[in-house]
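>
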Amino acid sequence: MAPPVQQPKKPKKASASHIDPFINSRLVEGLKESVFFDFLSSKDVALVMFYDAKEPQCEWSKKHFLKAAKITERENHAYAAVDCVKEQELCNAEGVTSLPYFKMYSKGKMFAAYSNPTTFTYHTMARFVENAPVLQEAGRPKRPCDIDVPAEEAPKKPISGKK
Numbered sequence: 001m002a003p004p005v006q007q008p009k010k011p012k013k014a015s016a017s018h019i020d021p022f023i024n025s026r027l028v029e030g031l032k033e034s035v036f037f038d039f040l041s042s043k044d045v046a047l048v049m050f051y052d053a054k055e056p057q058c059e060w061s062k063k064h065f066l067k068a069a070k071i072t073e074r075e076n077h078a079y080a081a082v083d084c085v086k087e088q089e090l091c092n093a094e095g096v097t098s099l100p101y102f103k104m105y106s107k108g109k110m111f112a113a114y115s116n117p118t119t120f121t122y123h124t125m126a127r128f129v130e131n132a133p134v135l136q137e138a139g140r141p142k143r144p145c146d147i148d149v150p151a152e153e154a155p156k157k158p159i160s161g162k163k
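Following the UniProt record's numbering, the numbering of the sequence shown begins with 1 at its first residue and continues without gaps.
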């Protein structure tokens with residue numbers, strides 16, 4: 001009997017997603033500095049947990065973070081995590097002052113931070129993600145005076161303080 005012919009192995013495609021080893025769930029993206037901004041820019045809303053796996057408070061927050069990721073139903077959202085032991089420069093650049101530290105991003109722009117993990121439970125996390133605004137690409141929502149108004153809807157009289 002002839003030995004079976006081995007098929008050449010196909011090279012594995014680089015995965016676009018990376019499971020964070022601390023959270024250990026496909027629902028939470030593990031971020032490194034090399035993909036941080038590209039990943040966050042691709043999401044309407046993302047909640048990022050900055051952590052040190054050896055900190056007991058991070059272990060407690062991990063459970064809430066994972067549960068929030070499981071129950072959030074918003075489209076084009078993400079939960080992501082950054083290991084500040086391995087990604088010290090990124091954590092410093094992001095202004096992380098304590099661990100765990102949570103930051104909310106929209107289209108890559110940070111607009112909220114939360115550093116009191118004992119009150120930041122899964123319910124609050126999920127509610128923040130589901131109700132967060134989507135920022136414009138420029139990093140802030142347009143002000144009412146910046147919005148273009150069609151000519152037929154524009155005021156007929158000039159606005160002034162004189163009668």
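Built from N, CA and C at the ideal position, the CB exists for glycine as well.
If you're wondering where the values come from, they're calculated on a predicted model, not measured in any experiment.
(1) Answer yes or no: do V129 and V48 have a C-beta to C-beta separation smaller than 8 Å?
(2) On the CB-based measure, 16 or more other CB atoms within 10 Å of its CB, does residue 175 come out buried or exposed?
(3) Could you tell me the boundaries of the alpha helix (DSSP H) in which H123 lies?
(4) State buried or exposed for A80, treating a residue as buried only when at least 16 other CB atoms are found within 10 Å of its CB.
(5) With 16 other CB atoms within 10 Å as the buried threshold, where does K13 fall?
(6) If we ignore side chains and look at the alpha-carbon of each, how far apart do S115 and F102 end up?
(7) By a C-beta neighbour count over all protein chains shown, 10 Å radius and 16 as the cutoff for buried, is H77 buried or exposed?
(8) Would you identify the three-state DSSP class for S34, choosing helix, strand or coil?
(9) Which ranges would you report for the beta strand (DSSP E) in the region 36-102 if only whole runs of at least 3 residues count?
Short version:
(1) For V129 and V48, no; Cβs fall outside 8 Å.
(2) In this structure the chain extends from 1 to 163, so residue 175 is not present and cannot be described.
(3) Run containing H123: 122-131, per the alpha helix (DSSP H) assignment.
(4) By the neighbour-count rule (16 or more Cβ atoms within 10 Å), A80 is buried.
(5) Any reading at K13 must be qualified, since the residue scores a pLDDT of 32, below 50, and its modelled position is unreliable; the value itself is stated next. By the neighbour-count definition (other C-beta atoms within 10 Å, threshold 16), K13 is an exposed residue.
(6) Approximately 6 Å between the Cα atoms of the pair.
(7) Buried is the call here.
(8) In the structure shown, S34 adopts helical secondary structure according to DSSP, grouped into three states.
(9) For the region 36-102, whole beta strand (DSSP E) runs of length 3 or above, ordered along the chain, are 45-51, 77-83.
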